[in-house]
Amino acid sequence: PPSLLGTWAVQGNRTQVEAMNPQFQQQASNAFAMNTNNTWTISGDPQHGYSIGSDTGIQFQLWVDKVEGGAAFVRYQHPINNTMAQEAIVMQLDNGGVMFTGLERVTIVKQGEGPRCKVTYQLVGHRR
Numbered sequence: 008p009p010s011l012l013g014t015w016a017v018q019g020n021r022t023q024v025e026a027m028n029p030q031f032q033q034q035a036s037n038a039f040a041m042n043t044n045n046t047w048t049i050s051g052d053p054q055h056g057y058s059i060g061s062d063t064g065i066q067f068q069l070w071v072d073k074v075e076g077g078a079a080f081v082r083y084q085h086p087i088n089n090t091m092a093q094e095a096i097v098m099q100l101d102n103g104g105v106m107f108t109g110l111e112r113v114t115i116v117k118q119g120e121g122p123r124c125k126v127t128y129q130l131v132g133h134r135r
């Protein structure tokens, strides 16, 4: 929804790390922080598309899969070394649109191999 556009202070709490192969379990646990604290900027419109950027310097195209009431189901992907991070986020607006709660699932995929791991974060965002 347009009410998700803007700048958000987003805190994440890692709730699960699921490696598809035991050799990746420790790597995945070490690679993804238990807690995150970032600033996200979501911008765009239906005609030109949407993007998500972060205070870490990233900026990616954002795909909106579904909007239902105050909830948005979005996804984006970006390369990490020789793999691709595919991120899916469910964001539910709360408190009149000044905050959201959500769930983020990060899937690390290496071309030709399928998923290596899936990492889940609980999210809380506050409008800036």
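Numbering of the sequence shown is given in my numbering, commencing with residue 8 and proceeding in unit increments. In this text, a Cβ means the ideal position worked out from N, Cα and C, and glycines have one as well.
Asked                                                                                                                     : Found
K4 versus N37 - alpha carbon distance                                                                                     : Because the chain is modelled from 8 through 135, residue 4 falls outside the range shown and cannot be assessed.
Inter-residue spacing [alpha-carbon to alpha-carbon] between N89 and A79                                                  : 30 Å
CA-to-CA distance, I65 to G120, given in whole angstroms                                                                  : Contrary to the premise, residue 120 reads as Glu rather than Gly in this sequence. So the two alpha carbons sit approximately 26 Å from each other.
Reduced DSSP category for F31 - H, G, I as helix; E, B as strand; rest coil                                               : helix
Inter-residue Cα distance where the pair is M27 and K125                                                                  : 8 Å
Cross-strand partners of R112 (DSSP beta bridge)                                                                          : A95 and T127
Same chain, Cβ closer than 8 Å to G56, neighbours up to 5 away in sequence not counted                                    : Q68 and L69
Chain-order list of residues whose beta-carbon lies under 6 Å from that of P91 (same chain, five-residue window excluded) : According to the sequence as given, residue 91 is Met; it is not Pro. Closer than 6 Å at the Cβ level, and outside the excluded window around M91, lie Q84 and V116.
Assigned secondary structure, P86 (DSSP; H/G/I helix, E/B strand, else coil)                                              : strand
Contacting residues, own chain, Cβ-Cβ under 7 Å from L12 (five flanking each side not counted)                            : I49 and S50
Three-state secondary structure assigned by DSSP to P9                                                                    : helix
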